[in-house]
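Protein chains: 2
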Amino acid sequence: MGSEKTEKEENIGLRYRKSDFSKWFNEIIAKSELADLRYNAKGFLVHRPWSVMTMKAMYRIYEAELERNGHMPVWFPALIPERNFKKEAEHVEGFAPELFWITHTGDRRLSEKLALRPTSETAMYSMYSKWIRSWRDLPLKLYQSCQVWRCDTKATRPFIRGREFFWIEAHDAFETRKEAENQVKVDMKTTEQIMHREFGIPFMFVQRPEWDKFPGAVHTYAADTIMPDGKILQQPSTHLLGHNFAKSFEIKYRDRKGNEKLVWQTCYGPAIWRILASVIAQHGDDKGLVFPFKIAPVQVVIVPIGKSPAVKEACKDVRNRLADAGIRTMIDDSDKRPGWKFNQWEMKGVPLRIEIGPKEAKSGKLTLARRNNRKKEKISNKGVVKIVERAGNKITASLIKAADKFFYENIRSAKNMEELGAMLKLGGLVKVNFCSVESEGEPCADEIQDRFHAMIRGTRVDKKEKPTGKCIVCGKKAAHVVYVGKQY
Amino acid sequence: MGSEKTEKEENIGLRYRKSDFSKWFNEIIAKSELADLRYNAKGFLVHRPWSVMTMKAMYRIYEAELERNGHMPVWFPALIPERNFKKEAEHVEGFAPELFWITHTGDRRLSEKLALRPTSETAMYSMYSKWIRSWRDLPLKLYQSCQVWRCDTKATRPFIRGREFFWIEAHDAFETRKEAENQVKVDMKTTEQIMHREFGIPFMFVQRPEWDKFPGAVHTYAADTIMPDGKILQQPSTHLLGHNFAKSFEIKYRDRKGNEKLVWQTCYGPAIWRILASVIAQHGDDKGLVFPFKIAPVQVVIVPIGKSPAVKEACKDVRNRLADAGIRTMIDDSDKRPGWKFNQWEMKGVPLRIEIGPKEAKSGKLTLARRNNRKKEKISNKGVVKIVERAGNKITASLIKAADKFFYENIRSAKNMEELGAMLKLGGLVKVNFCSVESEGEPCADEIQDRFHAMIRGTRVDKKEKPTGKCIVCGKKAAHVVYVGKQY
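These protein sequences, in sequence, are chains A and B.
Start counting the first sequence at 178; every next residue gets the next number (our numbering).
Start counting the second sequence at 178; every next residue gets the next number (our numbering).
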């Protein structure tokens with residue numbers, strides 16, 4: 178770490194992202210004022226404006242895409258009666274240890290306790306059975322943007338693991354299995370469209386092994402990303418629920434021939450909160466945050482050099498033109514020195530900075546600085562809106578490129594356990610031949626867990642991979658190619 | 178009711194809004210699919226897409242205005258430790274009976290119980306004391322859009338009184354009392370700007386009597402509206418908190434001379450959920466909902482007449498042009514008859530309907546129907562975007578005009594108790610001379626409550642009104658002009 182550090186970086190106080198990722202991550206969250214960890218209930222985060230503005234932009238983009246593919250927004254109660262949970266056996270077993278229970282109001286004991294939603298299947302599906310009567314009511318595709326509460330007892334980490342987090346959950350019901358399977362594919366495409374192409378986070382969709390499915394699902398497909406320290410972070414997952422919940426909640430419809438049938442269901446859960454963790458981690462650098470253009474809380478900061486009326490006027494004029502074009506723009510006219518401001522807004526990840534001094538105010542040229550590569554150029558004042566939009570898109574494209582490079586460099590193959598161990602030390606995903614992912618308690622998975630503290634993430638979804646050799650653990654004929662990684 | 182009813186209204190099944198308001202209100206909420214009351218936890222509402230889309234539009238407009246006047250968004254935890262509540266004595270006393278308490282996670286008992294926020298003072302101010310150090314940190318103006326939970330034991334009513342409701346709360350801290358008092362005025366202006374001019378809900382801001390303040394406030398100013406049945410509904414209120422919370426949470430700053438001082442605080446709470454109740458009630462009619470243009474979930478519905486390719490093409494073309502201009506537009510190309518569709522979308526309150534048949538597709542003329550007055554006119558296809566925008570604004574203006582008329586017609590004066598009784602029977606607000614609003618347990622207020630089940634709402638804020646006679650109850654010299662009404 179030490180030697181390459183410049184004085185400026187010392188001032189900012191950040192450590193190098195790669196060499197001490199955990200420290201860097203916590204420091205950047207505090208220093209850029211994304212969140213405050215000092216709230217006096219354990220595992221709960223106070224979200225400050227800088228993270229809220231970013232997540233609001235992320236929500237808007239995600240919601241628009243869900244609505245484009247036929248979803249409508251709902252708001253269900255955050256409280257779920259105990260009896261609803263008990264309806265789906267696997268579901269209650271999976272979530273019971275993590276539920277927050279409301280037992281009293283005022284000083285009166287409730288006749289039935291209420292759980293804070295850890296996810297909304299058991300709230301929503303109790304109504305789906307009332308709303309769905311005929312094939313004409315299908316498909317039913319609803320989503321809600323909300324927070325959920327899970328009392329995870331593992332160490333909490335801001336935006337990665339906490340007791341309250343912000344997400345979207347989409348819950349769909351169909352006439353046929355084929356439509357449900359197709360929805361799962363659409364969910365994966367949505368993830369690609371938004372998380373990768375807009376937020377710049379590459380991932381691999383894998384089908385989770387039997388023992389790692391969402392409680393109540395037939396199949397779980399999850400997007401695994403790689404963090405800068407090489408650990409795996411689960412991002413949006415989509416689930417084929419089949420008839421499991423339809424049976425327990427009696428969600429039935431009359432088909433076109435008048436026969437009563439169970440609906441086929443799916444659910445999809447992009448956790449905006451956790452995607453933000455990837456955005457912070459993936460794009461940040463030694464100077465601080467770097468935001469993709471579309472989700473930056475402030476997209477352009479204008480820094481006046483000097484205080485002449487001409488400079489002030491020019492700043493306002495540029496700000497107004499950018500704001501009118503829908504670009505989130507602010508002027509930093511505080512009393513600090515320009516150099517301090519440059520550092521500050523670079524640390525906060527604002528994609529573009531425009532500097533306007535007396536020369537710029539006169540000449541019709543402005544100075545444009547890019548956060549990602551810290552290059553400066555002179556641009557025409559007249560064309561500023563188009564130039565900013567183009568530069569914004571270029572920044573996002575270059576963030577995606579760098580993130581992709583890192584991601585694919587960190588997918589490796591191992592032929593035996595020694596190689597697997599060595600590669601897991603490098604981090605990322607390791608591809609191996611494996612015997613079985615079909616039932617709980619596979620000893621070969623336990624072996625990998627015990628020896629390397631790593632997990633079988635699952636089998637790749639975007640292409641079929643046929644195993645050619647033997648299981649890396651037991652040496653029996655391999656039935657799957659799986660990916661292994663250490664997770665958060 | 179009976180005689181004026183037409184067959185169509187029978188079909189829709191609504192009752193006249195004025196003669197049986199409660200029934201009309203519940204029916205329109207169910208039939209227009211705003212919300213479902215059948216969720217199996219008492220007092221909790223399932224918000225269906227039609228209400229969520231409306232409230233999202235309302236949130237966007239309100240948030241933009243708050244940000245324009247210097248607020249930034251935050252998200253605080255929904256859970257508040259018991260010790261935070263206990264810090265401000267009046268506050269805990271006011272909210273304690275209504276708190277939802279979390280006592281367990283999984284099957285473990287918590288060492289300190291956590292309340293679901295009924296409002297966020299005690300969550301937020303615990304951090305304000307950490308964030309505010311110097312006058313340079315002031316003013317601090319933050320808001321959050323969230324839901325709150327209060328276990329009101331009175332009869333619940335959708336969007337009016339429930340155990341979970343959606344609102345915005347803004348919490349501001351200042352150096353001086355003057356700035357805080359000014360913020361209260363700004364909050365009242367914001368209410369006028371948004372609730373009246375955008376949502377079409379007229380109101381009167383009154384300063385609440387001592388016994389009816391927000392728990393912990395020095396002064397409470399609340400916007401009272403009148404519902405169609407003559408009852409009063411409290412809308413946004415803004416509170417001068419003074420030093421009350423600053424003392425209990427030790428929110429101090431160093432002033433410009435280096436002296437340590439307490440901050441001055443205010444908070445403001447527009448309940449989007451309850452404003453929607455007013456929107457439904459105020460603008461609706463015997464045919465169903467009527468939305469002001471800017472908050473309509475769908476602003477324009479296009480109904481094709483016939484199924485010719487030319488008609489389809491024309492519908493799509495108009496839809497695309499409207500959507501490109503940011504107008505929420507849908508084509509209803511379902512299999513129902515046009516007449517059924519007209520009724521359906523009128524019931525759901527869509528402000529404008531465009532009908533396109535073979536004639537319209539050919540001629541370059543379209544048929545535009547307005548929801549509020551149900552008038553039809555021919556418009557030019559070319560100019561549709563501008564015409565729709567203009568018509569939308571006109572609709573909102575005429576809704577405001579009608580609502581204002583109703584509101585001011587229902588403010589009356591009474592000289593004695595008999596008159597007061599007669600006027601309270603007519604509904605609305607009644608202006609009377611009154612002795613004292615300065616301390617708890619005023620016998621004259623109790624007398625009005627006992628005799629008429631009505632409450633002293635408070636003294637008018639927008640103009641000083643000097644009493645000239647005697648208190649309407651006890652006959653002593655009147656010190657205030659107050660407004661009396663029956664509330665929800």
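Quick reminder that beta carbons are idealized off the backbone N, C-alpha and C, glycines included.
The alpha helix (DSSP H) spanning N497 (chain B) covers which residue range?
P486 to D501
For Y239 (chain B), does the count of other Cβ atoms within 10 angstroms reach 16, so buried, or fall short, so exposed?
buried
Can you check whether the C-beta of R354 (chain A) is within less than 9 angstroms of a C-beta belonging to chain B?
no
Just verifying my parser: in three-state terms, what is the DSSP assignment at R215 (chain B)?
coil
Distance, Cα to Cα, F272 (chain A) vs P254 (chain A)?
18 angstroms
Residues in its own chain within less than 7 angstroms of E181 (chain B) by CB, not counting five upstream and five downstream?
In this prediction, E181 (chain B) has a pLDDT of 39, which is less than 50 and means its spatial position is unreliable; nothing more can be read from the coordinates.
At least 3 beta-carbon pairs within less than 8 angstroms: the segment 398-405 of chain A vs the segment 377-384 of chain A
yes
Could you tell me whether any Cβ in chain A is nearer than 9 angstroms to the Cβ of N217 (chain B)?
yes
Distance between Q476 (chain A) and I504 (chain A) (C-alpha atoms, nearest Å)
7 angstroms
Reduced DSSP secondary structure (H/G/I, E/B, other) of V614 (chain B):
coil
E265 (chain A) and F422 (chain A) look like a contact to me (Cβ under 8 angstroms); what is the Cβ gap, rounded to whole Å?
6 angstroms
Entirely enclosed beta strand (DSSP E) segments - the segment 324-380 of chain A, minimum 3 residues:
341-351
Touching or not, the segment 555-564 of chain A and the segment 352-367 of chain A, by the rule of three or more beta carbon pairs under 8 angstroms?
no
Using a Cβ-Cβ cut-off of less than 7 angstroms, list which residues of the segment 274-285 of chain A approach chain B; keep chain order.
P274, E275, L276, F277, W278, I279, T280, H281, T282 and G283
Just to make sure I have the definition right: I need the residues of chain A whose C-beta is within less than 8 angstroms of the C-beta of M230 (chain B). Which are they?
M249 and P250
Over what stretch of residues does the alpha helix (DSSP H) that includes I238 (chain A) continue unbroken?
P226 to R245
Using three-state DSSP, classify L601 (chain B) as helix, strand or coil.
helix
Opening and closing residue of the alpha helix (DSSP H) in which Y430 (chain A) lies
Here Y430 (chain A) belongs to no alpha helix (DSSP H); instead the beta strand (DSSP E) covers K429 to R431.
Can you check which of these residues, B:A580, B:G604 and B:R374, is closest to A591 (chain B) by C-alpha distance?
B:G604
Could you tell me which of B:K484, B:I409, B:L418 and B:E242 sits nearest to H396 (chain B), measuring between CA atoms?
B:L418
For G283 (chain B), tell me which candidate among A:G483, A:D349, A:G646 and A:V269 has the shortest Cα-Cα distance.
A:V269
By a C-beta neighbour count over all protein chains shown, 10 Å radius and 16 as the cutoff for buried, is G652 (chain A) buried or exposed?
exposed
Which of helix, strand or coil DSSP assigns to V650 (chain A):
coil
For chain A, check one thing: does any of its Cβ atoms lie closer than 9 angstroms to the Cβ of D174 (chain B)?
No answer is possible for residue 174 (chain B): it lies beyond the span of chain B, which begins at 178 and ends at 665.
Can you name the residues of chain A whose CB is closer than 8 angstroms to the CB of R225 (chain B)?
V251
Can you check whether the CB of E346 (chain A) is closer than 9 angstroms to the CB of S297 (chain A)?
yes
Under 9 angstroms between C-beta atoms of V527 (chain B) and V495 (chain B)
no
Of the listed residues A:R433, A:K438, A:A454 and A:R431, nearest to S413 (chain A) (C-alpha basis)
A small correction: the amino acid at residue 413 (chain A) is Pro; Ser does not occupy that position in the sequence shown. Nearest C-alpha to P413 (chain A): A:A454.
Mapping the DSSP letters down to three states, classify T645 (chain B) as helix, strand or coil.
coil
A350 (chain A) CB to nearest chain B CB: under 9 angstroms?
no
Which residue marks the beginning of the beta strand (DSSP E) containing G516 (chain A), and which one marks its end?
Run containing G516 (chain A): none in the beta strand (DSSP E); it sits in the alpha helix (DSSP H), P515 to M524.
Helix, strand or coil at D509 (chain B) [DSSP, three-state]
coil
Would you mind sorting K318 (chain B) into buried or exposed? The rule is 16 or more other CB atoms within 10 Å of its CB.
buried
Opposite Q411 (chain B) in the DSSP bridges: which residues?
B:D401
Starting from Q626 (chain A), trace the alpha helix (DSSP H) in both directions and tell me its first and last residue.
P620 to F629
Any beta carbon from chain B within less than 9 angstroms of S180 (chain A)'s own beta carbon?
Note that S180 (chain A) scores 37 on pLDDT, short of 50, meaning its location in the model is unreliable; the coordinates nonetheless yield the value given after this. So no, S180 (chain A) is outside the interface.
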